[in-house]
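J.: Residue numbers for the sequence shown follow the UniProt record's numbering, beginning at 1 and rising by one.
The C-beta atom is built at its ideal place from N, Cα and C for all residues, glycine as well.
Bear in mind the structure is a predicted one, so any value in this text is a computation, not a measurement.
Quick one: the structure is below, and I'll ask about it shortly.
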Amino acid sequence: MYKILVVDDEPLICKGLAGLLSESGMDIGAVFTAYSGQEALDNIRMEDIDLLVTDIQMGEMSGIELMQQAKLIKPWVQTIIISAHETFHYAQMAIRLGAKDYLIKPLNSENFLDAVRNALLKMEKPVTQIDEFLSEESAYFQMAEHDQEKNERLNRLMDGTLPREEGTVVLEEKLGVSGPYFSVIKMKLDRHKDGASSSSYSDRDLRLLQYGALNVAEELLHKEYHVLTCYAGDREITILLQWSEAEYAELDANKINHLEMIGRSLHHHVHKYLGISATVGISQILKGAEFLPALSRQADKAILWGEKQGDYHVFYYGDFNWNDYVQDPTAEELTTHSNRIVDSAKQYIEANYRQKGLTIHEVAKKNHVSPNYLSYLFKKNTGYNLWEYVVKLRMEESKSLILHTDLRRYEIAERVGYESPEHFSKIFKKYFGVSPSELKK
Numbered sequence: 001m002y003k004i005l006v007v008d009d010e011p012l013i014c015k016g017l018a019g020l021l022s023e024s025g026m027d028i029g030a031v032f033t034a035y036s037g038q039e040a041l042d043n044i045r046m047e048d049i050d051l052l053v054t055d056i057q058m059g060e061m062s063g064i065e066l067m068q069q070a071k072l073i074k075p076w077v078q079t080i081i082i083s084a085h086e087t088f089h090y091a092q093m094a095i096r097l098g099a100k101d102y103l104i105k106p107l108n109s110e111n112f113l114d115a116v117r118n119a120l121l122k123m124e125k126p127v128t129q130i131d132e133f134l135s136e137e138s139a140y141f142q143m144a145e146h147d148q149e150k151n152e153r154l155n156r157l158m159d160g161t162l163p164r165e166e167g168t169v170v171l172e173e174k175l176g177v178s179g180p181y182f183s184v185i186k187m188k189l190d191r192h193k194d195g196a197s198s199s200s201y202s203d204r205d206l207r208l209l210q211y212g213a214l215n216v217a218e219e220l221l222h223k224e225y226h227v228l229t230c231y232a233g234d235r236e237i238t239i240l241l242q243w244s245e246a247e248y249a250e251l252d253a254n255k256i257n258h259l260e261m262i263g264r265s266l267h268h269h270v271h272k273y274l275g276i277s278a279t280v281g282i283s284q285i286l287k288g289a290e291f292l293p294a295l296s297r298q299a300d301k302a303i304l305w306g307e308k309q310g311d312y313h314v315f316y317y318g319d320f321n322w323n324d325y326v327q328d329p330t331a332e333e334l335t336t337h338s339n340r341i342v343d344s345a346k347q348y349i350e351a352n353y354r355q356k357g358l359t360i361h362e363v364a365k366k367n368h369v370s371p372n373y374l375s376y377l378f379k380k381n382t383g384y385n386l387w388e389y390v391v392k393l394r395m396e397e398s399k400s401l402i403l404h405t406d407l408r409r410y411e412i413a414e415r416v417g418y419e420s421p422e423h424f425s426k427i428f429k430k431y432f433g434v435s436p437s438e439l440k441k
């Protein structure tokens, strides 16, 4: 059953849409509501939201900004945008970010429910038995033959052995390589079956899964990005992302977050549809096709580094300061480096958890690592999800203020970083099991 989050800064509209969904008869497990972007982000962090329905104009954070932040937290969350204005610019941005629909107020109830129904129908269910996919009769993907000559050329371009005489014209006409900005993402499938380290896939099954993974990547990315894909050795596929000057200028300010979002989405969907885990290595973004071999090596190194982590799956090359080491770091150096990152993040959070609108991306940027890697390290070292740690500090302080001061609820909410007393009360009750007023009594 699906979970839906409805966000609008007008409570009557928010509750009205939630009521329509609850009574629609659709396969909906729960409908959550939020009256601001920050409140919505807390819901997305703490609940397994499948579909986000959001107004586009809401105070400090717009629906477009909320959609961007939601995709960074959970790239697989689907979105329907609601607007009081039929503005082409907003609609274009929403569609580019992957919005499933763009609805204009005042909403027609049937049109709204149809949009939600269509979005839910497109959320394909995962393959429940991997054998279903591996069977010859599998219909989950259209297994079109990949162009072998193009595949070989792309691999030679990546490893730097493509002859210079191929030239720019050949790159553009025969391979579709134009750029001028590039990043390389590589995905290496796990040989072992999920949760069974002693049981491995056969070579034939791995070839089929590699085939499937390439199809998943193309289906997931080709509508929003200019990508080229190829097989790259045993259990591995390569994805070349490229941007024109204009496209690069339109990317999010924090481009690392954008790459990480793509990597996490790839890992999630390959695991969801194929039932196999993978390690994803992401290069930096560089300008110029001459740097493609270097970007390919970065992605290779990221995969090797990621495989050492065991339970870590998506790794960005720039998360580790490779220049500090003549050789690959030892396990002891890795631990020291990781501890330093976590300690620094804790100090920053403890100094800033009262700040409204604090995000994991801000904490990650201060520590010069990607949000995904910081979240992984923080959980591994402290036992807390990073945002759970922020909530823990806020709740402990608010409890102390309730018990030992006469501050009003809105004053306490303000002090610990929440935009509204209602949102604060909702988080407080979820955390402690009682409301602030019940605790006070």
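Pairing CB atoms from the stretch 36–45 with CB atoms from the stretch 67–74, are three or more of them under 8 Å?
T.: They touch, by the three-pair rule.
J.: According to the neighbour-count rule (16 or more other Cβ atoms, all chains shown, within 10 Å of its Cβ), is V434 buried or exposed?
T.: The residue in question, V434, is exposed, as its Cβ has fewer than 16 Cβ neighbours within 10 Å.
J.: Quick one: is H313 buried, meaning 16 or more other Cβ sit within 10 Å of its Cβ, or exposed?
T.: That one is buried.
J.: Taking all protein chains shown into account, do 16 or more other C-beta atoms lie within 10 angstroms of the C-beta of N321, making it buried, or fewer, making it exposed?
T.: Counting Cβ neighbours within 10 Å, N321 comes out exposed, since fewer than 16 surround it.
J.: Just checking my contact of M158 with T238 at CB under 8 Å: how many whole Å lie between their CB atoms?
T.: The Cβ separation is near 6 Å, so the contact holds.
J.: DSSP three-state label for M123, please.
T.: If DSSP states are grouped into helix, strand and coil, M123 belongs with coil.
J.: Name, in chain order, the residues that DSSP records as bridge partners for W243.
T.: DSSP lists Y181 as partners of W243.
J.: Under the assumption that V416 contacts R354 (Cβ atoms under 8 Å), give the Cβ distance between them as a whole number of angstroms.
T.: That belief holds up - the Cβ atoms of V416 and R354 are roughly 6 Å apart, short of 8 Å.
J.: Are there 16 or more other CB atoms within 10 angstroms of the CB of P371, so buried, or fewer, so exposed?
T.: Burial call: buried.
J.: What residues are listed by DSSP as bridge partners for D101?
T.: In the DSSP output, where bridge partners are listed per residue, D101 has I80.
J.: Taking all protein chains shown into account, do 16 or more other C-beta atoms lie within 10 angstroms of the C-beta of D311, making it buried, or fewer, making it exposed?
T.: Classification of D311: exposed, given that the 10 Å Cβ count is below 16.
J.: Grab the span of the alpha helix (DSSP H) containing G19 for me, first residue to last.
T.: Residues P11 to S22.
J.: Is the beta carbon of L358 closer than 8 Å to that of N352?
T.: Going by C-beta atoms, N352 is nearer than 8 Å to L358.
J.: Do you know how far the Cα of S425 is from the Cα of H258?
T.: Taking the straight line from one Cα to the other gives about 33 Å.
J.: Counting pairs of beta carbons, one from the stretch 223–238 and one from the stretch 176–187, are three or more of them closer than 8 Å?
T.: Result yes; three or more Cβ-Cβ pairs closer than 8 Å.
J.: Provide the residue(s) that pair with D343 in DSSP beta bridges, ordered along the chain.
T.: BP columns for D343 are empty, so no partner.
J.: Return helix, strand or coil for K193, following the three-state DSSP convention.
T.: In the structure shown, K193 sits in a strand (DSSP, three-state: E or B).
J.: Leaving out five residues before and five after K125 in sequence, what residues of the same chain have Cβ atoms less than 8 Å from its Cβ?
T.: Only weak support exists for where K125 lies, its pLDDT of 48 falling under 50; the value from the coordinates is given anyway. Around K125: no qualifying Cβ.
J.: So which of P106, Y90, G63 and Y2 has the shortest CA-CA distance to L120?
T.: Answer by Cα proximity: Y2.
J.: Does the separation of the CB atoms of D114 and D55 fall below 8 Å?
T.: Not in contact: D114 and D55 (Cβ atoms no closer than 8 Å).
J.: Can you give the Cα-Cα distance for T405 and K440, rounded to whole angstroms?
T.: About 10 Å.
J.: Between which two residues does the beta strand (DSSP E) harbouring L52 extend?
T.: First-last of the beta strand (DSSP E) with L52: L51 to D55.
J.: For the structure I just gave you, are there three or more beta carbon pairs, one from the stretch 13–23 and one from the stretch 103–117, closer than 8 Å?
T.: Yes, the stretch 13–23 is in contact with the stretch 103–117.
J.: List, from N- to C-terminal side, the alpha helix (DSSP H) runs of 4 residues or more that fit wholly inside the UniProt domain "HTH araC/xylS-type" (343–441).
T.: Those alpha helix (DSSP H) runs which fall completely within the UniProt domain "HTH araC/xylS-type" (343–441) and span 4+ residues are 360–366, 371–382, 386–404, 409–415, 421–432 and 436–440.
J.: Using three-state DSSP, classify T335 as helix, strand or coil.
T.: Of the three classes helix, strand and coil, the one that applies to T335 here is helix, per DSSP.
J.: Give the C-beta separation of Y376 and T382 to the nearest angstrom, bearing in mind that I take them to be a contact with Cβ-Cβ under 8 Å.
T.: Contact doesn't hold; Cβ gap of about 12 Å is too wide.
J.: Can at least three beta-carbon pairs, one atom from the stretch 207–227 and one from the stretch 264–283, be found at a separation below 8 Å?
T.: With a cut-off of 8 Å, the stretch 264–283 and the stretch 207–227 count as touching, because enough Cβ pairs lie within range.
J.: Which residues mark the beginning and the end of the beta strand (DSSP E) in which K272 is found?
T.: Here K272 belongs to no beta strand (DSSP E); instead the alpha helix (DSSP H) covers K255 to L274.
J.: Could you check where the beta strand (DSSP E) with Y2 kicks off and where it finishes?
T.: Start and end: Y2 to V7.
J.: L157 bridges to which residues according to DSSP?
T.: The partner list for L157 (beta bridge, DSSP) is empty, contrary to what the question assumes.
J.: Excluding the 5 residues preceding and the 5 following residue 508 in the sequence, name in chain order all residues of the same chain whose CB lies nearer than 8 Å to its CB.
T.: Here the chain comprises residues numbered 1 to 441, so residue 508 is not present and cannot be evaluated.
J.: Buried or exposed for G29, please, with buried defined as at least 16 other CB atoms from any protein chain shown within 10 angstroms of its CB.
T.: Exposed is the call here.
J.: Any idea what DSSP makes of M26, helix, strand or coil?
T.: Residue state, collapsed to three classes: coil.
J.: Rank L304, Y248 and I81 by C-alpha distance to the C-alpha of S62 and give the top, closest one.
T.: Of L304, Y248 and I81, the residue nearest in Cα terms is I81.
J.: I'd like the list of long-range same chain contacts for Q129, defined as Cβ closer than 6 Å, with 5 residues on each side in sequence excluded.
T.: Bear in mind that the predicted position of Q129 carries a pLDDT of just 45, short of 50, making it unreliable; the figure below should be weighed with that in mind. Excluding sequence neighbours, Q129 sits near nothing in its chain.
J.: So, for Y181: in the same chain, excluding its five sequence neighbours on each side, which residues have a beta-carbon less than 7 Å away from its beta-carbon?
T.: Around Y181: Q242, W243, Y248, I285 and K287.
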